[in-house]
Amino acid sequence: MMITQSLNTNLIPGQVNPRINVSQYDKSSRTLSFALYNGSQTFNITSGMTALIEGTKPDGHGFQYNAAVSVGFNIVTATLTQQMTCVAGDVVCELVILKSGERLATANFIIAVEPAALKDSAIISDSELPLLITLATEQMENSEAWAVGTKNGT
3 MMITQSLNTN LIPGQVNPRI NVSQYDKSSR TLSFALYNGS QTFNITSGMT
53 ALIEGTKPDG HGFQYNAAVS VGFNIVTATL TQQMTCVAGD VVCELVILKS
103 GERLATANFI IAVEPAALKD SAIISDSELP LLITLATEQM ENSEAWAVGT
153 KNGT
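Be aware that the sequence shown starts at 3, since it is given in the numbering used here, and climbs by one per residue.
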């Protein structure tokens with residue numbers, strides 16, 4: 003099941019940039035749905051328009067992915083990728099609307115990547131239960147052997 007997060011996005015600069023909170027290493031689990039506005043008016047997507055999501059991660063590396071547009075409507079959708087969420091911190095992003103390859107409009111937003119509780123490089127501890135069972139079994143066997151030996155006088 004994928005989570006869809008809907009955002010009203012104004013293409014006029016100087017607006018409050020939306021913040022999208024995600025967990026580090028989230029990928030393909032969330033769809034961002036941007037409803038586009040030009041001030042108080044709906045910004046409808048026309049034939050020939052395309053969209054990109056561009057961003058720079060806190061480590062200085064960037065990314066650029068195609069987004070889906072709904073021609074005749076004001077909706078652009080994008081699925082989070084691993085590259086968008088692999089570094090914890092604020093990822094400065096821009097939704098870019100293009101027409102015939104030329105930038106027509108942009109809207110900034112921030113993907114706030116919360117650090118993962120379990121790092122990708124973490125060594126997973128094994129459960130101690132099998133070891134405890136082995137130790138208990140050995141003690142039980144040693145106790146039984148001792149009891150049999152004592153009964154037999156050895």
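Glycine included, C-beta positions come from ideal geometry on N, C-alpha and C.
By the C-beta density criterion, Asp28 is buried, having at least 16 other C-beta atoms within 10 angstroms. The criterion of a C-beta distance shorter than 9 Å is not satisfied by Gln26 and Ala109. Around the CB of Ala138, fewer than 16 other CB atoms lie within 10 Å, so the residue is classed as exposed. By the Cβ test, the segment 95-110 is in contact with the segment 45-56, since at least three Cβ pairs between them sit closer than 8 Å. Note on geometry: alpha-carbon atoms of Asn144 and Leu120 lie some 40 Å from one another.
In this structure the segment 64-71 does not touch the segment 12-19; the number of beta carbon pairs closer than 8 Å is below three.
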